[in-house]
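To start, the structure itself, in structure tokens.
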Amino acid sequence: MPELPEVETIRRELEPLIVGRELGEAWAFPHPKFLPALEAAGATITGVDRRGKYLLLRLDDGRDLVVHLGMTGSLRVTPSSLLPDDPYLRAWWQLGEADRLEYRDVRRFGRLAVAEPGAYNGTLAVQGPDALDPSLTADDLWRSLRRSRRAVKTQLLSQRPLAGVGNIYADEALWLAQVNPHRRTVTRRQAAALLEALREVLTAGLDNGGTTLRNYRTVLGAEGRNQHRLACYGRGGQPCLRCGTILRRTVLDSRTTTWCPTCQPR
DNA sequence: CGCAGCGCCTGAAGGC
DNA sequence: TGCCTTCAGGCGCTGC
33 MPELPEVETI RRELEPLIVG RELGEAWAFP HPKFLPALEA AGATITGVDR
83 RGKYLLLRLD DGRDLVVHLG MTGSLRVTPS SLLPDDPYLR AWWQLGEADR
133 LEYRDVRRFG RLAVAEPGAY NGTLAVQGPD ALDPSLTADD LWRSLRRSRR
183 AVKTQLLSQR PLAGVGNIYA DEALWLAQVN PHRRTVTRRQ AAALLEALRE
233 VLTAGLDNGG TTLRNYRTVL GAEGRNQHRL ACYGRGGQPC LRCGTILRRT
283 VLDSRTTTWC PTCQPR
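Quick look at the structure:
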């Protein structure tokens, strides 16, 4: 599931492959989530940016091709001499003379949009600052978390206090900061520890090329390596690496959640 | 406006 | 072997 480290890894690989090139003929899977791909045909890509889990392909007409990878989305660049041959392709664009940019998404949780910056819809329009934005302070996070009474983990996943965190890195950061995911209020000290932990686990994920549990691949087709470094996510029933207590696995707002009842007391 | 609940999707894994 | 059920979960949408 592409979260900030995975999307940033993709962004870095994609940028030198597509900037300055023209999107020619386009095709989209016939569904409203993917048909906006056709609106980008004819534009030239001037940059590749990221906000939270969203990729923003800047176009020379002033608009952005917005790409969300959902749970199973990936991008790749293929020679256009090879015909599209993949039942899970959801969109493609001829790229320059020789290549094709392909968007693949097995489960169709992703989506595409073409929009003016500043005229975004949905989560992208209301999400908080990027989790790695250095101007975000612990006090900002504390104040933001205080505005809602939802569980702290649910707030992280909402993308509103900060953007880019999904289920894996939320569990990892809450464990590292020793904050219980069910808490509805956090102290200033906990907010500071949480921000530091978030940045640590996201940076580690990025340094490891992302976390591949099943579908995630980089643009060049590589798997990430961070799945071997997870301390908490997916380790329910196994001992806490810090204190040895058996990690608990619960469901919080319909998200599987793993936490240590000793290190992260309610 | 906040938020709870639901639906979307399909391959993998496990039970029998 | 094969059928069935359960699970993974980000986000848009609806309605209170």
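Each residue of the first sequence is one higher than the one before, starting from 33 at the first, in the numbering used here. Even for Gly, the Cβ is constructed at its ideal location relative to N, Cα and C. Please read these numbers as outputs of a predicted model, since none were measured by experiment.
Taking 8 Å as the cut-off, the Cβ atoms of S112 and D131 count as close. For P116, the secondary structure class from DSSP, reduced to helix, strand or coil, is coil. Look at R216 here: in three-state DSSP terms it is coil, with no helix or strand label. Per DSSP, S106 is one residue of the beta strand (DSSP E) stretching across 105-111. If you check the CB distance, R108 and G198 do not come in under 8 Å. According to the DSSP assignment, Q187 belongs to the alpha helix (DSSP H) that extends over 184-189.
Cβ-Cβ separation between L208 and E232: approximately 6 Å, consistent with a contact (criterion under 8 Å). With respect to the C-alpha of G52, the residue from E71, S180, L91 having the closest C-alpha is L91. In the three-state reduction of the DSSP assignment, T76 falls in the strand class. Excluding its 5 nearest sequence neighbours in each direction, L273 has C-beta neighbours in its own chain below 7 Å: A263, listed in chain order. Annotated three-state conformation of P48 is helix, per DSSP. In the three-state DSSP reduction, V233 falls in the helix class (H, G or I). Per the C-alpha coordinates, the member of L144, Q222, Q191, R182 positioned closest to L88 is L144.
Just measuring C-alpha positions, the residue of T41, R281, Q191, G160 sitting nearest N212 is R281. Inclusion of R82 and V39 in the CB contact set at 8 Å is warranted, their separation being smaller than that value.
Assigned with DSSP and collapsed to three states, V251 falls in coil, not helix or strand. Taking C-beta atoms as the reference points, A170 and A224 count as a pair closer than 8 Å.
Residue Q210 holds the alpha-carbon nearest to the alpha-carbon of L279 among G160, G56, D165, Q210.
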